[in-house]
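Numbering (the numbering used here), first residue to last: 4 to 265.
By construction, the Cβ of each residue, glycine as well, lies at the ideal position given by its N, Cα and C atoms.
Because the structure is a prediction, the values reported are computed rather than measured.
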């Protein structure tokens with residue numbers, strides 16, 4: 004497998020791209036850079052740039068028509084001898100002209116649960132929480148769930164309905180700050196339980212052992228300081244995830260959105 008070394012050496016860049024709907028594009032670009040004998044460092048850099056490019060357009064809810072021609076252009080530029088900095092500048096210019104960051108922020112501020120990119124996106128952030136260069140690939144299957152901390156059926160449980168007014172709960176339940184990752188068994192165990200019971204599921208060994216998702220473990224750690232799950236908790240969680248997005252994709256929502264308006 005031509006990508007086996009990439010998987011081992013830069014899993015944070017390569018693993019998330021396996022979840023993309025159109026893997027032909029990024030694989031063809033990286034393969035072309037290899038065939039054109041790019042330096043290993045530049046291949047890693049182009050991989051990081053491709054992850055940013057394809058995920059931002061996906062989260063922005065653009066169709067493949069928005070990325071298709073640019074993908075072909077990147078292959079052509081590499082074959083013509085253009086360097087990484089040239090390609091990066093072209094991609095960043097396109098992102099700005101398409102007002103991608105504005106659309107990304109708008110979608111992240113909405114109910115993200117229904118979007119096809121939501122689970123892959125959370126897994127992308129999960130990879131970023133791990134410092135070790137060696138990590139396991141996370142298969143997206145029926146055993147990986149997006150857990151609602153404030154449960155979707157909150158109105159049926161007095162614990163949750165007493166804590167959240169319906170108009171607030173409806174706004175937050177499917178939002179970025181209220182979602183995390185769990186295995187299927189733990190998701191069933193947590194269900195619509197009170198928050199303190201959910202924390203036990205997140206942290207205590209269950210049938211499938213300690214939850215291995217760092218994003219979920221962080222909720223349990225935060226609960227030691229703020230033991231309630233409420234509107235403020237959800238907003239703090241969202242702020243943390245937004246800051247991670249800015250770090251991983253090397254964007255600044257406030258600045259970039261203002262630039263896109265010019």
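Endpoints, alpha helix (DSSP H) assigned at residue 52: By 1-based counting over the chain shown, the position of residue 52 is 49. Per DSSP, residue 52 is one residue of the alpha helix (DSSP H) stretching across 43-62.
Cβ-Cβ separation, residue 31 to residue 98 (assumed contact under 8 angstroms), whole Å: As a first step, residue 98 is located in the chain shown; it is residue number 95 there, counting from the start. As a first step, residue 31 is located in the chain shown; it is residue number 28 there, counting from the start. That belief does not hold up - the Cβ atoms of residue 98 and residue 31 are roughly 20 angstroms apart, past 8 angstroms.
Rounded separation between residue 235 and residue 27 - CA only: Looking up residue 235 in the chain shown gives position 232. Looking up residue 27 in the chain shown gives position 24. Near 42 angstroms, if we compare the C-alpha coordinates of residue 27 and residue 235.
Rounded C-alpha distance that separates residue 147 from residue 141: Here residue 147 corresponds to residue number 144 of the chain shown, with the count starting at 1. Here residue 141 corresponds to residue number 138 of the chain shown, with the count starting at 1. Whole-angstrom Cα-Cα distance: 9 angstroms.
First through last residue of the alpha helix (DSSP H) which encompasses residue 171: Translated into positions along the chain shown, residue 171 becomes position 168. Following the DSSP letters along the chain, one finds residue 171 inside the alpha helix (DSSP H) bounded by residues 169-175.
As assigned by DSSP and simplified to three states, the class of residue 117: Here residue 117 corresponds to residue number 114 of the chain shown, with the count starting at 1. DSSP places residue 117 in helix when its eight states are reduced to three.
DSSP state of residue 267 mapped onto helix, strand, coil: Residue 267 is absent from the model: the chain starts at 4 and stops at 265.
Alpha-carbon spacing of residue 224 relative to residue 247, whole angstroms: Mapped onto the chain shown, residue 224 falls at position 221. Mapped onto the chain shown, residue 247 falls at position 244. Answer to the nearest angstrom: the Cα atoms are 17 angstroms apart.
Cβ pair residue 35, residue 81 closer than 7 angstroms: Numbered from its first residue, the chain shown carries residue 35 at position 32. Numbered from its first residue, the chain shown carries residue 81 at position 78. Yes, Cβ-Cβ distance for residue 35 and residue 81 is below 7 angstroms.
Cβ-Cβ distance between residue 166 and residue 149 below 7 angstroms: Here residue 166 refers to the residue found at position 163 when the chain shown is read from its first residue. Here residue 149 refers to the residue found at position 146 when the chain shown is read from its first residue. No. Outside cutoff.
Residue nearest to residue 240 in terms of C-alpha spacing, selected from 201, 255, 119 and 218: Your numbering for residue 240 matches position 237 in the chain shown. For residue 240, the nearest C-alpha among the options comes from 218.
Cβ separation of residue 110 and residue 62, assumed to be a contact under 8 angstroms, to the nearest whole Å: Counting from 1 along the chain shown, the entry for residue 110 is found at position 107. Counting from 1 along the chain shown, the entry for residue 62 is found at position 59. That belief holds up - the Cβ atoms of residue 110 and residue 62 are roughly 6 angstroms apart, short of 8 angstroms.
Sequence ranges, beta strand (DSSP E) only - wholly within the segment 67-153, length at least 3: 147-151
CB of residue 29 within 7 angstroms of CB of residue 53, strictly: Residue 29 sits at position 26 when you count from the first residue of the chain shown. Residue 53 sits at position 50 when you count from the first residue of the chain shown. Against a cut-off of 7 angstroms, the Cβ pair of residue 53 and residue 29 comes out as a contact.
Residues of its chain near residue 145, where Cβ-Cβ distance is below 8 angstroms and the 5 sequence neighbours each way are ignored: Indexing the chain shown from 1 puts residue 145 at position 142. Around residue 145: 187.
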